[in-house]
Amino acid sequence: MKEKYPLMQIVDGSGKLTSDSYENMITEEKVKDFYYHMFRLRTYDQKGKALQRQGRIGTYVPFEGQEAAQVGSALALEKDDWMFPTYRDHGAALAFGGDMVRLYLYWNGRVEGAVPSPERNIVPAAVPIATQLPHAAGAAMAETYKGTKNAAIAYFGDGATSEGDFHEGINIASVFKAPVVFFNQNNGYAISVPIEKQMNSETIAQKAVAYGIPGVRVDGMDIFAVHTAVTDAFDRARRGEGPTLIEAVVTRFGPHTTADDPTKYRDQEAVEKTRDEIDPILRLERLMKNLDMYDEAWIKETEQKIVDEVEAAVEEMEKFTPADPAVMFDHVFAEAPWPVQEQKEKLLGRSGS
Amino acid sequence: MKEKYPLMQIVDGSGKLTSDSYENMITEEKVKDFYYHMFRLRTYDQKGKALQRQGRIGTYVPFEGQEAAQVGSALALEKDDWMFPTYRDHGAALAFGGDMVRLYLYWNGRVEGAVPSPERNIVPAAVPIATQLPHAAGAAMAETYKGTKNAAIAYFGDGATSEGDFHEGINIASVFKAPVVFFNQNNGYAISVPIEKQMNSETIAQKAVAYGIPGVRVDGMDIFAVHTAVTDAFDRARRGEGPTLIEAVVTRFGPHTTADDPTKYRDQEAVEKTRDEIDPILRLERLMKNLDMYDEAWIKETEQKIVDEVEAAVEEMEKFTPADPAVMFDHVFAEAPWPVQEQKEKLLGRSGS
Amino acid sequence: MVLVNDSKQAEAGQQVQTMNLIQAITDGMRTMLAEDDRVLVLGEDVGVNGGVFRATEGLLDEFGEHRVIDTPLSEAGFTGAAVGMALNGLKPIVEIQFLGFVYPAYEQIATHVTRMRSRTLSHFTLPMVIRAPFGAGVGAPEIHSDSIEALFTHMPGIKVVCPSTAYDAKGLLTAAVEDPDPVLFLEPMRLYRGKREDVPTEKYTVPIGKGKRIREGEDVSVFAWGAMVPVAEKAAEEMAKENISCDVIDLRTLYPLDKDIISDSVQKTGRAVIVHEAQETGGVSSEVTSVINDTSFLYLKAPIQRVTGFDVPVPFFAIEHDYLPNPNRVKDAIKEAVNF
Amino acid sequence: MVLVNDSKQAEAGQQVQTMNLIQAITDGMRTMLAEDDRVLVLGEDVGVNGGVFRATEGLLDEFGEHRVIDTPLSEAGFTGAAVGMALNGLKPIVEIQFLGFVYPAYEQIATHVTRMRSRTLSHFTLPMVIRAPFGAGVGAPEIHSDSIEALFTHMPGIKVVCPSTAYDAKGLLTAAVEDPDPVLFLEPMRLYRGKREDVPTEKYTVPIGKGKRIREGEDVSVFAWGAMVPVAEKAAEEMAKENISCDVIDLRTLYPLDKDIISDSVQKTGRAVIVHEAQETGGVSSEVTSVINDTSFLYLKAPIQRVTGFDVPVPFFAIEHDYLPNPNRVKDAIKEAVNF
Ligand SMILES: Cc1ncc(C[n+]2csc(CCOP(=O)(O)OP(=O)(O)O)c2C)c(N)n1
Ligand SMILES: Cc1ncc(C[n+]2csc(CCOP(=O)(O)OP(=O)(O)O)c2C)c(N)n1
Ligand SMILES: [Mg+2]
Ligand SMILES: [Mg+2]
């Protein structure tokens, strides 16, 4: 099957184009845009881990290593498209226009962190695995119903493919030719469970055959490959040709979450060793150098801007209005029914803990 | 995809072998065995419909047209194998050794009708669609665990392929190489919903690709094709090579159930017209004639035996000990906990309705 | 302009048509589909076939396949898809073919349908209705007869309604479609083709959260909903002959319960009997009992009586009537309350 | 040979080891895996990783991958597979990583796990255990903190147990594995690494269906389970200083409830407070209230008090402690009962 679903690559590990035909697609502007977003995600992510270690936020879900997959896909969306991320895709949300302060707040156990910025259709991360796939199908069907050209993208991992909702969501989308992109980040693990124990199929892309839709397998560490594949899938969707399943093969450099200890189930040192070679940001740097687009001054300045942005976001997050117990009662229904109303009065009229 | 999954046929509509190489597999004994079972199912089924019309049983689920698929598959089981049928597969259960009286009782709303005969591992029909597929995977895994050569078969329809449990059951079976056969009867409809609205894939067999297992598509009106495909799949399973997905393409001659009106959603007359041509029993008769195996005396005698058997079964069903409300309390747990015990005493110590 | 009318039947001067309960449901859907093109109907066999009970009969022809959608056999999938549609501005009415087949959609309902508003502080809301026929007594196969309203009244974020008359059915359905939040609309199968009554052809709503007194009495309060309402009424009629007068209340909404009608009635009678067909342990009767305990403790003259299904799976239909509460069981409970 | 021991802790002469609650659960699984090779453990991350909470730590090395099985991420799939295994003579212990992720397996549990025995008149039985950590208070993300025991106590065909101590955890788990029917084994996450106590290294069982009095008192009965037991105890201690003595009972089994310990206690005190962290409406507290109503109506001196979570989705962890009952809320309820 790996032959039938070859790993699409545009920029190889050494930062070279896999075919000259790609040359015209590589503009300095695009390269810089990709670099900017990946570095921004990396900085946000590193800070997230640090904040957790320092006890300034709760358990955090790092995505280090998956920046190319998340940025490359997110930048393929148009402003009115719909994004359905998982708990690991706050990187993609950030790249699409999610609010950094809120994206930190979420990890501090604040519901305010799940509230999307009004300019973007970013649905809060689905915690129950694979449940967002049917949502993406439905949101996309609604766009068709309204006669727009907007589309949706659903993010999910390799483990998610074992859930019924993965299957039901894609099947329904395929039947109604819904304009949706099913974007899988295959990082080889569902917490500790390796993909060989998750499925008997050699690839995830081949699962598209079950739905009579195209399946594409790309090198998820190659931002150009990801961006191209996802853009093509969105084009198909907007043309009314239905959903596409994309498998982006990536490496999760760190633990599943800051509460996870990867050394229990994999050789973490070996993973660390591969980093220099496969890190998507380093690969992009190599490409820049190979194409004489490496602009050190711009990089320094950009990185500084980002570091400042992140510091400011953390500060704002920590200064955010304190959590108010009232919010748990005020948004269950448009109007609180009497049990909720009475319970609220009882609690807030009370000493509490 | 239809090219990749050609419809396997051994005996064509005119009762001729599709290849001489099959000649040696057609013995008179086998032909008569197949005829016996198919005619027996047909007689049972016709009687079931009549009983429902006469109000002697409740809603009945006919399987007319699917006899070759049910007999051909059921006769591929060894005595200690496991059968997981749906509400439409009492034909398969009957052919495997299920008790005819109980199989009528079931349609009379009697739980006794769901109790399997002790000699056969026939699990009562799964009513919630597709829920039996994971069961079959687990029962098969248990056989592997015990080190036997027994295997399991799960029956399901085309509509069932849209449920999450279809996907989860096959995925788990594929990961653990469970000795199980997933036998789909594709009759083209889920009640009123045609397969084109059920899935976007051209075939059901191709869904096997998602699990890295073999997918086979057979003419479900050709009992030799079905029997061969299912037997091969059981052999694979017993050899430890894991599950197989088989799509048997069939026609449901009648309504979904006796409560269904097929004229609301399909041209029922057109279906009736095709019967002479595609009826699996007639096809077998043509084969018998083509091979000079048509033994009229034997047929008459056999059919008479079967008619008598069915009449006797109906009589026994109607003479069966009257329904006892106590059974609803006595089998919830090994020992009735106090609420069940108290409720039982209260009801049975009472006038009731 | 919506006419709010909570009387038992249509009012003088209204355009009416005689309908049974299921026809009123169809009429309610038709009314809302015609009024608001954000409203869609989707589910298994709801289109060409008009539903296995004919609840959506004619809607496909009238509104087309973009409004009345035959889905794959995929409860989690199409309930999840409806979540996506509602997120995106539509108002889906999802039909679950039988309530006993809602289980595969349970995760979608418990983790998304009911939580989208709270987890986004009302940024995203899900105005959607989930319709499902339920209950035993019609000779249906296993699972088809489950009565599991209590699995939803304990799930914050969804309202649960259950009409027992044609008039309430249309009025509660239109109210459910107009409600800004998810509503589970339970349809008592056994009453689908029961009593016919005049139903206004125009649109009207019956308020969610309000029970209805269907018989005035002094000695004991009898609470019921869905298919148990006629059973309670029958028992009350017969008790009247024995000079015991029952205050019979059709709760109609199971979340939020109508606390006022419950406490008013019990504070008047001092006795309560609760009738439902779901299993006894953990049934909605326990919650009604708690409401009575919280509001009317000092008024109670006798223990609250429960007449319910038993703690067993709904049995095969040959004995389902032994499982179901009947007027005799209700009368026995009434007598126990009165003679305590 | 099974030693049945229902005292609070190990008895003199027993081989013991000090363990916290989760270690006792691991020890219980190890004991049963060693004793009976029909027993298997399966679920997500239970093998190589030893479970996300380390509940199955070491079991893979000790018993091998045919006994301790890492499954795909597929709750319906592996719960359904466990049904097939149990049908076929094995005794699976299924781990649901968090109770909030049992929803996808809900159909398998509601239609098969709980009904196989009744629908085959005991021809097929399913001796299986479903383990799941549950409850709020540990700063977990959404859904991970759901407390939905009432969704199973209303489901005929499964027993529901919930230990609050290490001793009960091992004893109830061994009892659950030996039970001929399905048992849902709820593990209060918040107590996993709490109080350590002596736990016998040998096998023993704690009977399913029996509550436990953990503090003797005269003025008011306080019922709790799981992580609410220490909360109730704390409140009782503080009330003692105000000369109000509480009869504190850890129900331990939620289906079937221990009717005798409930009625004995309430008939002694005449007052009851029920504490649980699940949402109030439809929680198990309502069923306890019904049991008191049925058994002890004439003994009640005050309305039964409920101290529970609210009718809202368990909130994000920044405010989860405002959602959870705490000693102060329990004390207020006790005072209301006493001063009524
Ligand atoms: C229904 C459900 N079951 C279990 C979990 C617990 N859980 C959280 S993440 C995870 C692994 C997911 O793996 P994958 O889909 O590969 O995504 P990744 O975390 O690798 O990005 C599990 C089992 C969950 N969130 N939802
Ligand atoms: C989970 C679930 N949803 C809905 C139903 C109602 N129902 C019974 S049979 C059926 C159609 C099944 O179609 P298919 O799988 O093709 O099998 P067939 O009836 O054609 O043999 C439906 C929707 C059910 N039994 N279970
Ligand atoms: Mg992964
Ligand atoms: Mg079919």
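Residue numbers (my numbering), protein chains in the order written: chain A, 272 to 624; chain B, 272 to 624; chain C, 106 to 445; chain D, 106 to 445. A virtual CB, placed ideally from N, CA and C, is assigned to each residue, including glycine. This structure is a prediction, so every number in the text was calculated from the model and none was measured.
If I'm right that residue i touches residue j with Cβ under 8 Å, what's the distance once you round it to whole angstroms?
i	j	result
C:V218	C:I263	6 Å
D:I198	D:V234	5 Å
A:G284	A:I549	7 Å
D:P451	D:T230	This structure cannot speak to residue 451 of chain D, because chain D is shown only from 106 to 445.
B:A431	C:L178	7 Å
D:A407	D:R376	5 Å
A:H498	A:A594	A:H498 to A:A594, Cβ: 38 Å. No contact.
C:I409	C:T394	5 Å
B:G376	B:L312	A quick correction: the sequence has Leu, not Gly, at residue 376 of chain B. Not really, about 17 Å apart at Cβ, beyond 8 Å.
Which word fits residue i, buried or exposed, when buried means at least 16 other C-beta atoms lie within 10 angstroms of its C-beta?
i	result
B:T474	buried
B:K615	buried
A:S344	buried
D:A255	buried
D:H259	buried
D:G156	buried
C:N348	exposed
C:E167	exposed
B:P526	buried
A:N421	buried
C:E323	exposed
A:Q477	buried
For ligand 2, is there a heavy atom less than 7 Å away from the beta-carbon of residue i?
i	result
B:D429	yes
C:E180	yes
C:I235	no
In the DSSP output, which residue or residues are listed as bridge partners for residue i?
i	result
C:S326	C:D352, C:A377
B:N455	B:F427, B:E518
A:L288	A:V282
C:P197	C:L145
C:M124	C:E302
B:I393	B:M354
Since residue i meets chain F, which of its residues come closer than 9 Å, beta carbon to beta carbon?
i	result
B:V446	Of the protein chains in the structure, A, B, C and D, none is chain F.
Cβ of residue i versus every heavy atom of ligand 1: is any distance shorter than 7 Å?
i	result
A:R523	yes
A:T330	no
D:E149	yes
A:R359	yes
D:I174	no
D:P209	yes
Does the beta-carbon of residue i, which I'm using as the reference point, lie nearer than 7 Å to any heavy atom of ligand 3?
i	result
A:A397	no
B:N631	Nothing in the structure corresponds to residue 631 of chain B, since chain B is present only between 272 and 624.
A:N458	yes
Got a sec: does ligand 4 put a non-hydrogen atom nearer than 7 Å to the Cβ of residue i?
i	result
B:A461	yes
- Query: Just checking, does the segment 332 to 351 of chain B make contact with the segment 482 to 496 of chain B on the three C-beta pairs under 8 Å criterion?
  - Reply: yes
- Query: Are three or more beta carbon pairs between the segment 124 to 133 of chain C and the segment 297 to 316 of chain C nearer than 8 Å?
  - Reply: yes
- Message: Using 8 Å as the cut-off, can you tell me whether the segment 202 to 217 of chain D makes contact with the segment 230 to 244 of chain D, which would need three or more C-beta pairs spanning the two stretches below that distance?
- Response: yes
- Query: Would you call the segment 273 to 287 of chain B and the segment 603 to 619 of chain A in contact, with 3 or more CB pairs under 8 Å?
  - Reply: no
- Answer yes if the segment 348 to 365 of chain D comes into contact with the segment 313 to 332 of chain D, meaning at least three C-beta pairs across the two stretches below 8 Å, and no otherwise. yes
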